[in-house]
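Below is one structure; the comments refer to it alone.
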Amino acid sequence: MIKQLITLTFTLLCIVSAQAQQLKAVQLYTQDELISLINANAHLDRVVADRCQLVQDIEAHAEVLKEPAYQFLWGDMLAWGVCVDAEPERGIKFMRSSAQQGLPAALEQLGRYYASGKLVQQDTRRAVIYLREAAALGNLNAQLQLVKLFIDGHGSPYDYEDAYRWLFNAVTDNKTTHAKIDRYLARLEQLMHPKAVRNARQMAY
């Protein structure tokens, strides 16, 4: 009987030890690491891959420390119910807070949502505002979407030159994206005065 108890205890200890190894603490992401994940659109996948262990830490960094990258992550988690109950309204609120602090990914995502009417009411005027800010900060996705809105007749012609310059100076090693840039620039040129096109091409960052 004693031998059986010893064997059972040893087996349980082995199981607990194995589980502890599997659930060892996950390190909180640095700002740079998190921004890289966000820019690669891999931030939500990473939270899930980490078995949702960092939810409380993420919430604290977003709600208490108000760090923009964490506000965006927390907002996205709330908006889509990743590791937490879905609360789209709160999620958008945190995305806006992140955008107000100038995080390009937050500005781009809100602009995209307003352009398409995802989670919010479609509002191309707001979409242009958010996308213009993100485009000015070098976000290529925002630059492409902004020019597409201009091509479709939204926004102000006064912004065409800036939008053309940003996209003209964009750098990408993706052939599909490169071809899209060429198409969009050609179409935007048709809406611009030749002098404005020349100015946009000559003015580097």
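Counting with mature numbering (1 follows the signal peptide of the UniProt record, and there is no 0), you get residues -20 to -1, 1 to 185 for the letters of the sequence shown. Glycine included, every Cβ here is placed at the ideal spot set by N, Cα and C. Remember, it's a predicted structure, so these values are computed and weren't measured experimentally.
If you check the CB distance, residue 124 and residue 164 come in under 8 Å. When the beta-carbon positions are compared, residue 11 and residue 49 come within less than 8 Å of each other. The alpha-carbon of residue 16 is positioned some 26 Å away from that of residue 128. Rounded to whole angstroms, the Cβ separation of residue 99 and residue 52 is 14 Å, and the two are not in contact under 8 Å. For the pair residue 120 and residue 150, the CB atoms are nearer than the 8 Å cut-off.
Between residue 86 and residue 78, the gap from beta carbon to beta carbon is short of 8 Å.
A residue is called buried when at least 16 other Cβ atoms come within 10 angstroms of its Cβ; residue 132 does not meet this threshold and is exposed. Between residue 171 and residue 143, the C-beta spacing is not below 8 Å. Contact check for residue 112 and residue 139: beta-carbon distance about 6 Å, within the 8 Å limit, so the pair qualifies. For the 8 Å CB-CB criterion, residue 34 and residue 23 do not form a contact. With fewer than 16 other Cβ atoms from the protein chains shown falling within 10 Å of its own Cβ, residue 61 counts as exposed. Cα atoms of residue 166 and residue 9: separation of roughly 41 Å, rounded to the nearest angstrom.
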